[in-house]
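*Asks:*
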Amino acid sequence: MINYILRRLLTAVVLLIIVTMITFGIFFLIPKAAGSDPAQMFVGKTATPAGVEATRVKLGLDKPIYIQYGLFIRGIVRGRDFNAGPDVDHCPAPCFGYSFRTDQAVWPLMKDRFPVTVSLAVGAAIMWLIGGVLAGVISALRRRSLLDRTVMVVALAGVSLPIYFTGLVAQLVFVHQLHWFPGGTYIQLADDPLGWAGKLFLAWVTLALLYAATYARLTRATMLETINEDYIRTARAKGLQERVVIAKHAMRSVLTPIVTVFGLDFGALLGGAILTESVFSLPGIGKLSIDAVNQKDLPIILGVTTFLAFFVIFANLIVDVLYTVIDPRVRIK
Amino acid sequence: MSLLSAEDAATAGQSDGGTPFLDVRDLRVHFSTEDGLVRAVDGVSFALERGETLGIVGESGSGKSVTSLGILGLHRRTDNTRLSGEVWLDGEELIGSDRERVRQLRGQKMSMIFQDPLTSMHPYFTVGAQIIEAYRVHNNVSKKAARARAVEMLARVGIPQPDRRIDDYPHQFSGGMRQRAMIAMALVCDPELLIADEPTTALDVTVQAQILDLIRDLQEEFHSAVIIITHDLGVVAELADDILVMYGGKCIEYGTADELFRRPEHPYTWGLLGSMPRADRSVRERLIPIKGTPPSLINLPSGCAFHPRCPYAFRNGIPCRTVVPDLSEGDVHGVACHIPPPERREIFATDVAPSL
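From first to last, the protein sequence lines stand for chains C and U. Just so you know, our numbering puts the end of the first sequence at 351, numbered straight through with nothing missing. Just so you know, our numbering puts the end of the second sequence at 361, numbered straight through with nothing missing.
Written out as structure tokens, the structure is:
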């Protein structure tokens with residue numbers, strides 16, 4: 019087991035390196051090919067040629083791309099010094115460089131934004147797990163009933179409607195017309211828990227609706243398949259109450275695919291929910307990345323991408339390890 | 006062995022003065038589907054005493070499994086399912102009872118062994134947990150006591166090192182072991198009625214014999230009534246006191262095992278016997294298969310459902326195609342066939358028996 023986890027960890031690290039290589043390549047080779055100069059982008063349009071040159075040296079942009087990549091990785095692992103003569107900036111590990119636009123270090127920027135993204139992801143995840151799975155189970159047990167049809171139509175709508183529609187409509191109705199929820203800026207959980215929840219609630223519901231729809235359909239399909247299994251008939255033949263048959267025997271099997279999908283969804287969400295954060299003006303990782311893209315702020319884009327890749331790969335790893343716990347037939351040799 | 010119609014059984018009483026332990030009267034299980042009404046079981050009656058074994062024999066889709074599921078109340082429960090008739094278990098009628106009452110009896114007074122022990126046990130729970138659960142539904146005992154009981158049952162069905170194997174998952178057991186564990190689970194509450202639905206079909210031949218021996222031993226020990234459902238006449242020859250042959254959802258021949266093997270009267274039963282491989286037959290002699298395939302339960306052939314496959318149909322103006330034959334009840338032997346009994350016996354003696 020330990021061996022397996024170590025092996026998987028190693029694979030995860032390799033994967034992460036490959037992902038960073040590709041993103042690094044994309045973000046530093048493409049500007050070159052397009053004829054724009056990262057050093058120029060960093061110092062701005064008003065700088066003198068000498069200033070641009072100094073920046074190029076300081077950021078290591080004069081070196082070959084593989085050296086630059088090496089320095090980037092080294093920066094993440096051990097921190098990095100940017101120096102051009104007397105002008106030395108130490109960037110502690112994990113160093114993702116500095117924003118081209120604001121000169122801020124990328125890591126603290128991401129670190130500050132992360133709690134917002136986590137708040138959004140956790141709240142929404144709780145809602146969609148409870149809502150989606152429950153709706154799916156009820157739908158499966160009352161198959162072809164009005165309730166089932168209603169749930170499935172809502173689910174279809176939930177999957178089909180984009181966040182920037184449902185999110186904006188929700189804000190229009192509940193914030194601006196009914197005034198049920200406050201508008202304004204994000205509030206830290208530590209500062210005002212109620213305000214925090216109030217500000218996030220609509221975002222949670224909107225995001226959860228999108229995912230709950232998928233989960234309801236997945237749960238319904240798996241449940242319908244499971245209740246026809248022989249071992250469910252056996253459970254009934256033992257004389258178990260129907261609710262035990264469903265809640266214990268059937269749910270145990272239904273949870274397996276849900277855990278898998280949830281791990282991946284949640285991992286990806288920790289890397290930032292771009293649409294939701296933008297629509298609800300939440301200063302999370304997703305908002306950071308979309309702003310960075312708009313401003314062609316390469317170090318931030320690179321940092322955020324690496325961050326996202328980390329969570330997706332890590333979530334995959336967790337899911338795989340969880341599998342051995344969930345399904346006793348999966349045993350590691 | 007008593008073979009009485011529902012009315013007779015209700016009024017005449019049995020040799021021991023009471024009603025039979027299990028008395029199934031005119032059981033019907035119908036499903037209405039988009040394609041039409043499926044008469045999965047269509048008027049089946051039989052009786053069974055404690056300590057006796059009934060074999061229900063038939064091809065796939067003859068309604069034999071649905072019969073047993075109907076007795077246990079395990080048939081598919083949809084708005085489209087109609088269950089009628091009477092099932093008397095130890096003086097208690099089950100079809101009209103509420104579901105909660107039937108649930109309480111299920112697993113305790115009557116229990117069931119299924120065909121494929123791999124798919125019939127939950128893959129995510131240990132064998133022990135599943136047996137313990139079966140015991141604790143009906144017995145208010147501690148987990149520890151239930152575990153001891155489970156170990157005892159596993160030992161009883163011949164699982165080596167039961168105190169260790171109890172924590173294994175079903176996939177860690179071999180096929181035969183799994184079926185033993187399944188039997189342990191079915192018997193953990195000392196049921197008085199045990200229904201075994203093709204208990205050996207999914208097993209190796211060597212293991213089949215062991216499992217049949219085990220069922221017989223346990224039956225003698227617990228003196229329970231056993232119903233064995235199978236398509237394999239060899240299995241019922243081993244175990245059954247009485248045999249009920251089903252075709253197209255109906256009982257077409259019913260009698261003691263002895264009678265049915267020696268003097269079978271229904272052409273379908275002859276076909277089953279003819280297609281049974283036997284070691285004492287010469288290798289060159291070929292099996293005599295029943296031609297055709299079992300009928301669809303939605304679209305049963307008119308008249309006698311077996312007539313399209315029956316080599317003796319339409320002799321001397323018998324209405325095989327138009328009239329459904331009743332299960333004529335002799336004193337020892339019921340046969341649903343239009344061919345007059347003397348003629349049937351003659352055909353069997355001259356035409357069928359020599360090739361069996």
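Every residue gets a Cβ at the ideal spot worked out from N, C-alpha and C, and that includes glycine. Keep in mind it's a predicted model, so treat the numbers as computed, not measured.
Would you call the segment 224-233 of chain C in contact with the segment 251-270 of chain C, where contact means no fewer than 3 C-beta pairs closer than 8 Å?
*Replies:* no
*Asks:* Below 8 Å, can you find three or more Cβ-Cβ pairs linking the segment 170-185 of chain U to the segment 128-136 of chain U?
*Replies:* yes
*Asks:* Look at Gln113 (chain U) and Asp202 (chain U) and say whether their C-beta atoms are less than 7 Å apart.
*Replies:* Here residue 113 (chain U) is taken as the residue at index 108 of the second sequence, counted from 1. Here residue 202 (chain U) is taken as the residue at index 197 of the second sequence, counted from 1. Contact: no.
*Asks:* Using three-state DSSP, classify Met251 (chain U) as helix, strand or coil.
*Replies:* In the second sequence, counting from the first residue as 1, residue 251 (chain U) sits at position 246. Met251 (chain U): strand per DSSP, three-state reduction.
*Asks:* Determine, using beta carbons only, whether Leu265 (chain U) and Ser280 (chain U) come nearer to each other than 7 Å.
*Replies:* As a position in the second sequence, residue 265 (chain U) is number 260, starting the count at 1. As a position in the second sequence, residue 280 (chain U) is number 275, starting the count at 1. No, they are not a contact pair.
*Asks:* Among all the DSSP beta bridges, which residues are the ones paired with Phe51 (chain U)?
*Replies:* Taking the first residue of the second sequence as position 1, residue 51 (chain U) is located at position 46. DSSP lists U:Val29 as partners of Phe51 (chain U).
*Asks:* Which residues, in order along the segment 109-136 of chain U, keep a beta-carbon less than 7 Å from a beta-carbon of chain C?
*Replies:* Gln109, Arg111, Gly112, Gln113, Ser116, Met117, Phe119, Asp121, Thr124, Ser125, Met126, His127, Pro128 and Tyr129
*Asks:* Measuring alpha carbon to alpha carbon, tell me which residue in C:Ser296, C:Phe280 and C:Glu260 is nearest Val142 (chain U).
*Replies:* Residue 142 (chain U) sits at position 137 when you count from the first residue of the second sequence. Measuring from the Cα of Val142 (chain U), the nearest candidate turns out to be C:Glu260.
*Asks:* Name, please, each residue of chain C whose Cβ falls closer than 9 Å to the Cβ of His176 (chain U).
*Replies:* The count along the second sequence starts at 1 and reaches residue 176 (chain U) at position 171. Within chain C, the residues near His176 (chain U) are Pro346 and Arg347.
*Asks:* Does Ser70 (chain U) come out as helix, strand or coil in the three-state DSSP assignment?
*Replies:* Counting from one through the second sequence, the residue named residue 70 (chain U) turns up at place 65. Three-state result, Ser70 (chain U): helix.
*Asks:* Assign Ala11 (chain U) to one of three DSSP states: helix, strand, or coil.
*Replies:* For the purposes of this step, residue 11 (chain U) is taken as the residue at position 6 of the second sequence. Only weak support exists for where Ala11 (chain U) lies, its pLDDT of 44 falling under 50; the value from the coordinates is given anyway. Helix at Ala11 (chain U).
*Asks:* Would you mind telling me which residues of chain U sit closer than 8 Å to Asp99 (chain C), beta carbon to beta carbon, in chain order?
*Replies:* Numbered from its first residue, the first sequence carries residue 99 (chain C) at position 81. By Cβ distance, chain U contributes nothing, its closest Cβ being about 54 Å from Asp99 (chain C), past 8 Å.
*Asks:* Could you check whether the Cβ of Ala153 (chain C) sits closer than 6 Å to any heavy atom belonging to the ligand ATP?
*Replies:* Because no ligand of any kind appears in the structure shown, any question about the ligand ATP cannot be addressed here.
*Asks:* Which value, in whole angstroms, describes the spacing of the CA atoms of Ile264 (chain C) and Ala139 (chain U)?
*Replies:* Mapped onto the first sequence, residue 264 (chain C) falls at position 246. Mapped onto the second sequence, residue 139 (chain U) falls at position 134. Approximately 15 Å between the Cα atoms of the pair.
*Asks:* Please list, in chain order, the residues of the segment 247-270 of chain C that have any C-beta partner in chain U closer than 9 Å.
*Replies:* Glu247, Asp248, Tyr249, Ile250, Arg251, Thr252, Ala253, Arg254, Ala255, Lys256, Gly257, Leu258, Gln259, Glu260, Val262, Lys266, His267 and Arg270
*Asks:* Applying the criterion that 16 or more other CB atoms from any shown protein chain within 10 Å of the CB defines a buried residue, is Gly322 (chain U) buried or exposed?
*Replies:* Translated into positions along the second sequence, residue 322 (chain U) becomes position 317. Exposed is the call here.
*Asks:* Determine whether the beta carbon atoms of Ile137 (chain U) and Ala151 (chain U) lie at a separation below 7 Å.
*Replies:* In the second sequence, counting from the first residue as 1, residue 137 (chain U) sits at position 132. In the second sequence, counting from the first residue as 1, residue 151 (chain U) sits at position 146. Result yes, Cβ atoms of Ile137 (chain U) and Ala151 (chain U) sit closer than 7 Å.
*Asks:* Under 7 Å between C-beta atoms, does Leu79 (chain U) make it to chain C?
*Replies:* Here residue 79 (chain U) is taken as the residue at index 74 of the second sequence, counted from 1. With 7 Å as the cut-off, Leu79 (chain U) counts as an interface residue toward chain C.
*Asks:* By the criterion of Cβ-Cβ separation under 9 Å, what are the contact partners of Ala52 (chain U) in chain C?
*Replies:* Start at 1 with the first residue of the second sequence, and residue 52 (chain U) comes out as number 47. Neighbours of Ala52 (chain U) on chain C: none; closest Cβ ~23 Å, over 9 Å.
*Asks:* Below 7 Å CB to CB, which residues in the same chain sit around Pro300 (chain U) once its five sequence neighbours on both sides are set aside?
*Replies:* Here residue 300 (chain U) refers to the residue found at position 295 when the second sequence is read from its first residue. Same-chain partners within the cutoff: Gly253, Pro306 and Ala310.
*Asks:* Can you grab the Cα-Cα spacing for the pair Asp166 (chain C) / Asp47 (chain U), in whole Å?
*Replies:* For the purposes of this step, residue 166 (chain C) is taken as the residue at position 148 of the first sequence. For the purposes of this step, residue 47 (chain U) is taken as the residue at position 42 of the second sequence. Approximately 33 Å between the Cα atoms of the pair.
*Asks:* Quick one: grab the DSSP three-state call for Ile205 (chain C).
*Replies:* Along the first sequence, one-based indexing puts residue 205 (chain C) at 187. Reduced to three states, the DSSP call for Ile205 (chain C) is coil.
*Asks:* In the segment 204-267 of chain U, which residue ranges form an unbroken beta strand (DSSP E) of at least 3 residues, counting only runs that do not cross its ends?
*Replies:* Secondary structure within the segment 204-267 of chain U: the beta strand (DSSP E) runs of 3 or more consecutive residues, fully enclosed, are 230-235, 247-252 and 255-261 (chain order).
*Asks:* Can the beta-carbon of Val70 (chain C) be found closer than 7 Å to that of Gln58 (chain C)?
*Replies:* As a working note, residue 70 (chain C) is residue 52 in the first sequence. As a working note, residue 58 (chain C) is residue 40 in the first sequence. Result yes, Cβ atoms of Val70 (chain C) and Gln58 (chain C) sit closer than 7 Å.
*Asks:* Could you pull the start and end residues of the beta strand (DSSP E) that Ile85 (chain C) belongs to?
*Replies:* Residue numbering aside, residue 85 (chain C) sits at position 67 when the first sequence is read from its first letter. That residue, Ile85 (chain C), is in no beta strand (DSSP E); its alpha helix (DSSP H) goes Ile83 to Arg96.
*Asks:* Who are the neighbours of Val142 (chain U) on chain C, taking C-beta pairs under 7 Å?
*Replies:* As a first step, residue 142 (chain U) must be located in the second sequence, where it is residue number 137. The contacting residues are Lys256, Gly257 and Leu258.
*Asks:* The beta strand (DSSP E) that contains Trp198 (chain C), what's its start and end?
*Replies:* The residue you call residue 198 (chain C) lines up with position 180 of the first sequence. Run containing Trp198 (chain C): none; DSSP gives neither H nor E here.
*Asks:* Do we get a CB-CB distance below 7 Å when we pair Ala160 (chain U) with the residues of chain C?
*Replies:* By 1-based counting over the second sequence, the position of residue 160 (chain U) is 155. Cβ-Cβ to chain C under 7 Å: no for Ala160 (chain U).
*Asks:* Would you mind working out which of C:Val223, C:Tyr341, C:Gly289 and C:Arg162 sits nearest Ile144 (chain C), comparing C-alpha positions?
*Replies:* Taking the first sequence and counting its residues from 1, the one referred to as residue 144 (chain C) is at position 126. Considering only C:Val223, C:Tyr341, C:Gly289 and C:Arg162, the residue with the shortest C-alpha distance to Ile144 (chain C) is C:Val223.
*Asks:* Gly321 (chain C) and Trp198 (chain C) look like a contact to me (Cβ under 8 Å); what is the Cβ gap, rounded to whole Å?
*Replies:* Translated into the one-based positions of the first sequence, residue 321 (chain C) becomes position 303. Translated into the one-based positions of the first sequence, residue 198 (chain C) becomes position 180. About 37 Å separates the two Cβ atoms, so there is no contact after all.
*Asks:* According to DSSP, Ser125 (chain U) sits in a beta bridge with which residue or residues?
*Replies:* For the purposes of this step, residue 125 (chain U) is taken as the residue at position 120 of the second sequence. The partner list for Ser125 (chain U) (beta bridge, DSSP) is empty, contrary to what the question assumes.
*Asks:* If you count every other CB in all the chains shown that lies within 10 Å of the CB of Tyr84 (chain C), and 16 or more means buried, which is it?
*Replies:* In the first sequence, residue 84 (chain C) corresponds to position 66, counting from 1. That one is exposed.
*Asks:* Is the segment 56-72 of chain U touching the segment 244-259 of chain U, taking contact as three or more C-beta pairs under 8 Å?
*Replies:* yes
*Asks:* Could you check if Thr355 (chain U) is buried or exposed, using at least 16 other CB atoms within 10 Å of its CB as the buried criterion?
*Replies:* For the purposes of this step, residue 355 (chain U) is identified with residue 350 of the second sequence, where counting begins at 1. Result: exposed.
*Asks:* Identify each residue in the segment 143-155 of chain U for which the Cβ-Cβ distance to at least one residue of chain C is less than 7 Å, and report them in chain order.
*Replies:* His143
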